[in-house]
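Enquirer: Note that the protein sequences, when read in sequence, are chains A and B.
Residue numbering for the first sequence follows my numbering, beginning at 83 and increasing consecutively.
Residue numbering for the second sequence follows my numbering, beginning at 1027 and increasing consecutively.
Encoded as structure tokens, here's the structure I'll be asking about.
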Amino acid sequence: MVRSTPSSAGRRPAPESTTRRRSAKPAASRLVLLVATRKGAWIFHGDAKRKAWRADGPHFLGHIVSHLQLDPRDGRTLLAAAKTGHLGPTIFRSTNLGRTWQEAEQPPAFAKPPEGVGGPAARTVDHSFWLTPGHASEPGTWYAGTSPQGLFRSDDGGRRWAPFSTINDDPQYREWMGTVQDGTPDGPKLHSIIVDPRDPKHLYFAMSGGGVHESTDGGKSWTTRVQGLEVVEGFDAANVTFHDPHVLRLCPSNPDRLYQQNHCGIYRLDRPGNEWVRIGRSMPKRVGDVGFPLAVHPRDDRVAWVFPMDGTSVWPRTSPQGRPAVYATRNAGRTWQRLDAGLPAAQAWWTVKRQAMGADACDPVGLYFGTTSGELWASRDEGARWSCIARHLPEIYTVEAATLA
Amino acid sequence: MQVLIPSSLRSYTGVSKVEAGGASLGEVLAELDRRYPGIRFRMVDEQDRLRPHMRVFVKGLAVHELAHPLAPDDELAIVQALSGG
């Protein structure tokens, strides 16, 4: 299906459109959690009831693993974005669940600028931060977002990577990206690369500092999508650089709906509209709507989960008042429900990074998150109750729920 | 010349010391990359600069430039800088 160019003219969909998709639900017995940490990666295998979890790891002990992903198109290929504190970044690939890994022959790397011509300064990739499998119709394609911000693509299952599209060295994009000084303490990031499941040419990505961007022509051209988003007081919202989306998620059941956790709140976008709506305003004031991760329901576009963190004063990024909780909306952001059964009631100053919370596609949906203090938590009932399934891991960066073939 | 390989890169070479030739540091690293594909990019970035946390010593002196000339009887030590955590 070829997706038409989005436009703001015409119909405005109801905010609580109830698109629900009937899709095959995976067997829980083939469920794995892919956990990337500052000191290695682990694969947790769940039993049929998602009660017992077997840890397989560490893989790449001592390596900084930024993202570990399973290719949903074959349910077998794993890609790991890795570096050590000393060595340059690379991407590893496995087709036997991590028994053996092969290093990319050509990892993501910025181009050298042409000699003698003025233009953006040369850059080097510090690490690949975000991995997205390509469209189902393009087996073997992958996208990578890096730090500093760069967009890369592989067409051979992650063996060789090349700059994708023009943004890496486009003067306007380089201006929006800013410099390393403008970025997060861990470096500015390109993240949330999304491929519309209906159309391989329809892409989104976001940048921490640099806003949200959309292409409908396979990356030949891009449009910024920051309308409706707020920025930190004192910054000019008209400048794309000052927009700090933390994570974007597209609803699998309704690819015309996206949710966003931003530095300045929780938002929803319903296409073909172009304006983000701040649905986080209905969160309790003492909790706020700042956070990093956001997960969406696989079959119900009204349902999403967030993990709020303290964004006041110096931006501690820890659980507000030391009381961690997941918040869920079941009506597209009109109201939110606190879900903390089983979580510590006090003195738990947790940080959950933007890729460290995910959902499986089972029924009921399983939710999972990992903390920077090395704990992995799970819920088998869409957040109603939580249990800790692993402790004493290194700082957790990403948690992905995936289904093996 | 003999090249000391840091522990973090021995997954490429299998050993801690290898023999490699080249008239400059850049040539020696290129030779290592031919024999152990991928090893150079872990030490040298895409703008041909030595990565921040890698150090190279020739006869005990720190070398930072790939163009640094080397003699056949030089001993090269590639080490991880004392950083991390």
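Cβ coordinates follow ideal geometry from the N, Cα and C atoms, glycine included.
What you are looking at is a predicted structure, and each value in this text was computed from that prediction instead of being measured.
Could you name the residues of chain A that residue 1107 (chain B) contacts, counting a contact when the two beta carbons are closer than 8 angstroms?
Expert: The sequence position of residue 1107 (chain B) within the second sequence is 81, counting from 1. Result: 168.
Enquirer: Report the partner residues of residue 352 (chain A) according to the DSSP bridge assignment.
Expert: Walking along the first sequence from the start, residue 352 (chain A) turns up at place 270. Note: residue 352 (chain A) sits in a beta bridge opposite A:339.
Enquirer: Can you name the residues that DSSP bridges to residue 138 (chain A)?
Expert: Position 56 of the first sequence, counted from the first residue, corresponds to residue 138 (chain A). According to DSSP, which records beta bridges pairwise, residue 138 (chain A) is partnered with A:125.
Enquirer: Is residue 258 (chain A) helix, strand or coil when you go by DSSP?
Expert: In the first sequence, the residue the question calls residue 258 (chain A) occupies position 176. If DSSP states are grouped into helix, strand and coil, residue 258 (chain A) belongs with the helices.
Enquirer: Can you name the residues of chain B whose CB is closer than 7 angstroms to the CB of residue 192 (chain A)?
Expert: Against the first sequence, residue 192 (chain A) aligns to sequence position 110. 1072, listed in chain order.
Enquirer: Could you compute how far the alpha carbon of residue 358 (chain A) sits from the alpha carbon of residue 311 (chain A)?
Expert: As a working mapping, residue 358 (chain A) is identified with position 276 in the first sequence. As a working mapping, residue 311 (chain A) is identified with position 229 in the first sequence. Spanning the two alpha carbons is a distance of roughly 6 angstroms.
Enquirer: Using a Cβ cut-off of 8 angstroms (strictly closer), state whether residue 1067 (chain B) contacts chain A.
Expert: As a first step, residue 1067 (chain B) is located in the second sequence; it is residue number 41 there, counting from the start. For residue 1067 (chain B), the answer is yes, since a Cβ of chain A falls inside 8 angstroms of its Cβ.
Enquirer: Would residue 418 (chain A) be called buried (16 or more neighbouring beta carbons within 10 Å of its own) or exposed?
Expert: Taking the first sequence and counting its residues from 1, one reaches residue 418 (chain A) at position 336. Residue 418 (chain A) should be labelled buried.
Enquirer: Going by DSSP, what residue range makes up the alpha helix (DSSP H) through residue 1056 (chain B)?
Expert: Walking along the second sequence from the start, residue 1056 (chain B) turns up at place 30. Residue 1056 (chain B) -> alpha helix (DSSP H) spans 1051–1061.
Enquirer: With a CB to CB cut of under 8 angstroms and the five nearest residues on each side skipped, what residues in its chain are close to residue 475 (chain A)?
Expert: Your numbering for residue 475 (chain A) matches position 393 in the first sequence. Same-chain partners within the cutoff: 117, 119, 124, 452, 456, 457 and 458.
Enquirer: In three-state DSSP terms, what is residue 88 (chain A)?
Expert: Position 6 of the first sequence holds residue 88 (chain A). Interpretation of residue 88 (chain A) is limited by its pLDDT of 32, a score under 50 that renders its predicted location unreliable; no figure is taken from the coordinates.
Enquirer: Please classify residue 128 (chain A): is it buried, with 16 or more other beta-carbons within 10 angstroms of its beta-carbon, or exposed?
Expert: Stepping through the first sequence from its first residue, residue 128 (chain A) is reached at position 46. Its Cβ being crowded by 16 or more others within 10 Å, residue 128 (chain A) is buried.
Enquirer: Based on DSSP bridge pairs, tell me the residues matched to residue 1105 (chain B).
Expert: If you number the second sequence from 1, residue 1105 (chain B) lands on position 79. According to DSSP, residue 1105 (chain B) bridges with B:1081.
Enquirer: Taking the alpha-carbon positions, what's the residue 153 (chain A) to residue 439 (chain A) distance?
Expert: Start at 1 with the first residue of the first sequence, and residue 153 (chain A) comes out as number 71. Start at 1 with the first residue of the first sequence, and residue 439 (chain A) comes out as number 357. For residue 153 (chain A) and residue 439 (chain A), the distance between alpha carbons rounds to 18 angstroms.
Enquirer: Mapping DSSP to helix, strand and coil, what is residue 488 (chain A)?
Expert: Any answer about residue 488 (chain A) is impossible in this case: the structure gives chain A only from 83 up to 487.
Enquirer: With H, G and I counted as helix, E and B as strand and the rest as coil, what does DSSP make of residue 1096 (chain B)?
Expert: Position 70 of the second sequence holds residue 1096 (chain B). Residue 1096 (chain B): coil per DSSP, three-state reduction.
Enquirer: Mind listing the chain B neighbours of residue 172 (chain A)? Cutoff is C-beta to C-beta under 9 angstroms, in chain order.
Expert: Indexing the first sequence from 1 puts residue 172 (chain A) at position 90. The answer, in chain order, is 1064, 1067 and 1068.
Enquirer: Using a threshold of 8 angstroms, state whether the C-beta atoms of residue 338 (chain A) and residue 350 (chain A) are closer than that.
Expert: For the purposes of this step, residue 338 (chain A) is taken as the residue at position 256 of the first sequence. For the purposes of this step, residue 350 (chain A) is taken as the residue at position 268 of the first sequence. Going by C-beta atoms, residue 338 (chain A) is not nearer than 8 angstroms to residue 350 (chain A).
Enquirer: Using C-beta distances below 8 angstroms, list every residue in its chain close to residue 195 (chain A), excluding the 5 sequence neighbours before and after it, in chain order.
Expert: The residue you call residue 195 (chain A) lines up with position 113 of the first sequence. Counting only Cβ-Cβ distances below 8 angstroms, and skipping sequence neighbours, we find 201, 202, 203, 204 and 251.
Enquirer: Could you please give the first and the last residue of the uninterrupted alpha helix (DSSP H) stretch that includes residue 433 (chain A)?
Expert: To locate residue 433 (chain A), count along the first sequence from 1; it is residue 351. No alpha helix (DSSP H) holds residue 433 (chain A); DSSP gives it neither H nor E.
Enquirer: Assign residue 487 (chain A) to one of two classes, buried (16 or more other C-beta atoms within 10 Å of its C-beta) or exposed (fewer than that).
Expert: In the first sequence, counting from the first residue as 1, residue 487 (chain A) sits at position 405. Per the 10 Å Cβ criterion, exposed.
Enquirer: Based on DSSP bridge pairs, tell me the residues matched to residue 235 (chain A).
Expert: Stepping through the first sequence from its first residue, residue 235 (chain A) is reached at position 153. Residue 235 (chain A) pairs with A:225 and A:244.
Enquirer: Would you say residue 1045 (chain B) reaches chain A, if we count a Cβ-Cβ gap shorter than 8 angstroms as a contact?
Expert: Along the second sequence, read from residue 1 onward, the residue named residue 1045 (chain B) stands at position 19. With 8 angstroms as the cut-off, residue 1045 (chain B) does not count as an interface residue toward chain A.
Enquirer: What residues match up with residue 359 (chain A) in a beta bridge as DSSP calls it?
Expert: To locate residue 359 (chain A), count along the first sequence from 1; it is residue 277. For residue 359 (chain A), which the question treats as bridged, DSSP gives the partners A:350.
Enquirer: Could you confirm whether any beta carbon from chain A is found closer than 8 angstroms to the beta carbon of residue 1060 (chain B)?
Expert: Position 34 of the second sequence holds residue 1060 (chain B). Output row for residue 1060 (chain B): interface = no.
Enquirer: Is residue 251 (chain A) helix, strand or coil by DSSP?
Expert: The residue labelled residue 251 (chain A) in the question sits at position 169 within the first sequence. Reduced to three states, the DSSP call for residue 251 (chain A) is helix.
Enquirer: Residue range of the alpha helix (DSSP H) that residue 420 (chain A) falls in?
Expert: The residue given as residue 420 (chain A) occupies position 338 in the first sequence. Looking at the DSSP string, residue 420 (chain A) is not in any alpha helix (DSSP H); the run it does join, the beta strand (DSSP E), is 419–421.
Enquirer: Comparing the C-beta of residue 1036 (chain B) with each C-beta of chain A, is any distance below 8 angstroms?
Expert: Locating residue 1036 (chain B) in the second sequence gives position 10, counting from the first residue. Not closer than 8 angstroms to any Cβ of chain A, the Cβ of residue 1036 (chain B) fails to qualify, so no.
Enquirer: Output, in sequence order along the chain, the residues in the region 172–189 of chain A whose CB is closer than 9 angstroms to any CB in chain B.
Expert: The residues in question are 172, 185, 186, 187, 188 and 189.
Enquirer: Give me the Cα-Cα distance between residue 377 (chain A) and residue 172 (chain A), rounded to the nearest whole angstrom.
Expert: Translated into the one-based positions of the first sequence, residue 377 (chain A) becomes position 295. Translated into the one-based positions of the first sequence, residue 172 (chain A) becomes position 90. About 27 angstroms.
Enquirer: Do residue 1071 (chain B) and residue 1085 (chain B) come within 8 angstroms of each other at the CB atom, strictly closer than that value?
Expert: Numbered from 1 along the second sequence, position 59 holds the residue referred to as residue 1085 (chain B). Numbered from 1 along the second sequence, position 45 holds the residue referred to as residue 1071 (chain B). No, the pair does not count as a contact, with Cβ atoms beyond the cut-off.
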